[in-house]
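One structure is given here, and the rest of the page talks about it.
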DNA sequence: CTGAAAGCGCTTACAG
DNA sequence: CTGAAAGCGCTTACAG
């Protein structure tokens, strides 16, 4: 086959594998997809052929039949660039793996939510993924539900009944961080909270207060500063906390951006971190490892959450196609307390 | 058709459009792909139908025939998380649009480059995209070339002859920034350079020196500090520059991470930015708008570069398939000088 | 300029 | 447990 010769790296196809193993394409397909209804011997022969030929499935071919042209809309409104970036990475990676198509729409205010939703529906999306803060927008959720479009809320702090979600347990995450600070010996801990309208901010704050209370520690109102999750708001909040007569020995910030700001303020005041002041964050964005000292924070696996959201959506669409009614799923991924250099016992 | 009724949002297919317009699927396809060999009237009818039905092509179907299962390898070694993130976004977006498949391999040292390359070839990739710093690795380039695998170098500072690349003009970018600082009235400008082994670092440095020389300004050796593109190295370099007897009134940092570090150091010394000190960066990463004051920097369109790299690769693969010998292309995207709040005239 | 036929690689029913 | 047939949505030759 001279035509094949020309491009030396023509990809191996399922047919090649089947021939090499001496089975039908169907059997090869079953083995590759982990279908258990295949005899031991054939299974092994196919697996060996896959190895030998270095076979990798062609996703276009697969998706044409399977996830079959599933279209997933992403409606976002105003998250941080870094966050959306990481999320999209997971979304695109998984959809490219599963052969689904991703359509992205941005919307500004509430008014344009309607228009953006319309555009997505017009394009024939089968389901919609909602990153924060839209994941908590009752209006958007209602509208999509009315059209019969399945929705996955990503990173909500309080999943609504009937809505599927992919998230971490913000409450437990903030609890773990608070406990860690207590274990280090801190007693006067300041807290910078995030946008009060966002459910994750609420959960993190509540966890902090509860955990302190359980340890028998009272948190004076002055030790809670309200930020908006932005660096700039973090500057203001940190100044507030660090100018107190009795300065806290540690500041727990509701996200990394505000922690970075707190660090800048502390450095500006000549405070050594973590020698004189412990600062911790939440999210583990790329910024956390850029800073010096590197930030102790709670890792939120954003990319993995993006992948999970697509996988979950595909699963639900498949269920619908088969006539089942998929139950709303609340998928909670694991957070991790990442100990770096910005936290230490109090002086 | 009861089956169709069940999922209300079944996507419109090319066949639907063709029927709606009363033409053959082929004609519809031609119109959608901008093929000029279609009569005016049919063209308009098809376009109207596309609008009316809200048709969006199914990429899986298309790619199966066209970009036809093209596989693009990405071999990366050690860039910053934020950079890789942004680049991958473009890579995945474009490949998902074109229906190409992306396979990613990470390699550590030089030794593992061979192994990683092997793995990609084994998987049947048709071409390889090389982000920095691998884009400048003569060894990797040679190896892939020997196998007849086309390569696209991304963001190299000095494209090698015979190698296709997608990049910005680092020299002109750094030149524009230097000119801007001169226009603001700065004469004593410090420079923090990046990893001396990286070609973009070299180009940026040379542009700074040349532009200063053209303005008749001598740059004392003490005004050049060597960093490694990392935040941490930026701290050290900034301290060095700010402790000079005659402190520069502006510091031009070779990337945003080091600029963020310089800001932290300056704030630590109680210097007001930009009132007492101007600081500028390069790249325009998400960090640039997180900081306060927001960073004046040179925007490198990383996501667009990722898209362009995939598009270029697909074009070259197509040329090969058709028997042509694609000439090496050096695609230079536009940078932009982004003026924010960290730069101002000297006091 | 327009269209009928075939096929990209894979998997879903349908048989045995 | 295994396989022959058909088709997902699109586009590439091949005709006219």
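Protein chains in written order, with the working numbering: chain A, 1 to 347; chain B, 1001 to 1347.
Just so it is clear, CB atoms sit at the ideal spot from N, CA and C, and this is done for glycine as well.
- How would you call residue 1204 of chain B, buried or exposed, if buried means at least 16 neighbouring beta carbons within 10 angstroms? buried
- Interface flag, residue 1102 of chain B vs chain A, CB-CB below 8 Å: Against chain A, the CB of residue 1102 of chain B has a partner CB under 8 Å away; the residue lies at that interface.
- Message: Give me the chain A residues within the contact set of residue 1088 of chain B, using Cβ-Cβ distance strictly less than 7 Å, ordered along the chain.
- Response: 89
- Message: Can you tell me which residues form a DSSP beta bridge with residue 187 of chain A?
- Response: DSSP output for residue 187 of chain A lists no bridge partner at all.
- Pick from B/1106, B/1304, B/1043, B/1150 that is closest to residue 1125 of chain B, judged by C-alpha positions: B/1150
- Task: May I ask you to list, following chain order, the residues of the stretch 291 to 320 of chain A that have a beta carbon less than 8 Å from some beta carbon of chain B?
- Result: 291, 292, 320
- Query: Below 8 Å, can you find three or more Cβ-Cβ pairs linking the stretch 1223 to 1232 of chain B to the stretch 1192 to 1203 of chain B?
  - Reply: yes
- Message: Helix, strand or coil, according to DSSP, for residue 1127 of chain B in the structure here?
- Response: strand
- Message: According to DSSP, is residue 1076 of chain B part of a helix, a strand, or is it coil?
- Response: In the three-state reduction of the DSSP assignment, residue 1076 of chain B falls in the strand class.
- Message: On the DSSP letters alone, give me the boundaries of the beta strand (DSSP E) that residue 103 of chain A sits inside.
- Response: 101 to 106
- Query: Going by DSSP, which residues form a beta bridge with residue 1251 of chain B?
  - Reply: B/1190, B/1279
- Task: Please confirm if residue 1324 of chain B has its CB atom under 8 Å from at least one CB of chain A.
- Result: No, because no Cβ of chain A sits closer than 8 Å to the Cβ of residue 1324 of chain B.
- Between residue 1129 of chain B and residue 1073 of chain B, what straight-line distance do the alpha-carbon atoms span, to the nearest angstrom? 6 Å
- Examine chain B for any beta-carbon lying closer than 8 Å to the beta-carbon of residue 257 of chain A, and answer yes or no. yes
- Apart from the five residues just before and just after residue 1134 of chain B, which ones in its own chain have a Cβ nearer than 7 Å to its Cβ? 1075, 1076, 1077, 1140
- Option nearest residue 1145 of chain B by Cα separation, candidates B/1238, B/1156, B/1121, B/1157: B/1121
- Note down, one range per segment and in chain order, each alpha helix (DSSP H) of at least 4 residues found wholly within the stretch 138 to 207 of chain A. 138 to 146, 170 to 184
- Item | C-alpha distance - residue 66 of chain A paired with residue 158 of chain A, whole-angstrom precision | 33 Å
- Task: Using alpha carbons as the reference points, say which of A/301, A/188, A/99, A/216 lies closest to residue 1064 of chain B.
- Result: A/99
- Item | Candidates A/329, A/179, A/132, A/294: closest to residue 199 of chain A by CA position | A/132
- Could you pull out every residue in the same chain whose Cβ sits closer than 8 Å to the Cβ of residue 1116 of chain B, ignoring the five residues on either side in sequence? 1075, 1105, 1106, 1107.
- Could you pull the start and end residues of the beta strand (DSSP E) that residue 1299 of chain B belongs to? Counting along the chain, the beta strand (DSSP E) containing residue 1299 of chain B begins and ends at 1297 to 1299.
- Where residue 1332 of chain B falls, given that 16 or more other Cβ within 10 Å makes a residue buried: exposed
- Message: For a contact defined as C-beta to C-beta under 7 Å, what are the partners of residue 1012 of chain B on chain A?
- Response: 124
- Helix, strand or coil for residue 1265 of chain B per DSSP? Secondary structure of residue 1265 of chain B (DSSP, three-state): helix.
- Excluding five sequence neighbours on each side, which residues of the same chain lie with their C-beta closer than 8 Å to the C-beta of residue 1210 of chain B? 1175
- Message: Do residue 1021 of chain B and residue 1045 of chain B count as a contact pair if the criterion is CB distance below 8 Å?
- Response: yes
- Residues in the stretch 217 to 238 of chain A having any Cβ partner in chain B nearer than 7 Å: 231, 232, 235
- Given 8 Å, three or more beta-carbon pairs between the stretch 296 to 316 of chain A and the stretch 231 to 250 of chain A: Three or more beta-carbon pairs separated by less than 8 Å are not found between the stretch 296 to 316 of chain A and the stretch 231 to 250 of chain A, which leaves the two stretches without contact.
- Message: Which residues in chain B have a C-beta closer than 9 Å to the C-beta of residue 71 of chain A? List them in chain order.
- Response: 1009, 1011, 1056, 1058
- Message: Only counting the same chain, and skipping five residues up and downstream in sequence, which positions put a Cβ closer than 6 Å to that of residue 1309 of chain B?
- Response: In chain order, 1129, 1152, 1154, 1166 place their CB closer than 6 Å to the CB of residue 1309 of chain B, counting only its own chain and leaving out the 5 sequence neighbours on each side.
- Message: Given this structure, state the Cα-to-Cα distance separating residue 1259 of chain B from residue 1296 of chain B, to the nearest angstrom.
- Response: 10 Å
- Would residue 101 of chain A pass as a contact of residue 147 of chain A if the rule is Cβ separation under 8 Å? no
- Mind checking which residues open and close the beta strand (DSSP E) that includes residue 1330 of chain B? 1330 to 1333
- Query: Does DSSP put residue 232 of chain A in a helix, a strand or coil?
  - Reply: Residue 232 of chain A sits in a helix when the DSSP states are folded into three classes.
- What does a CB cutoff of less than 6 Å around residue 1055 of chain B pick up in its chain, not counting 5 residues either side in sequence? 1012, 1017
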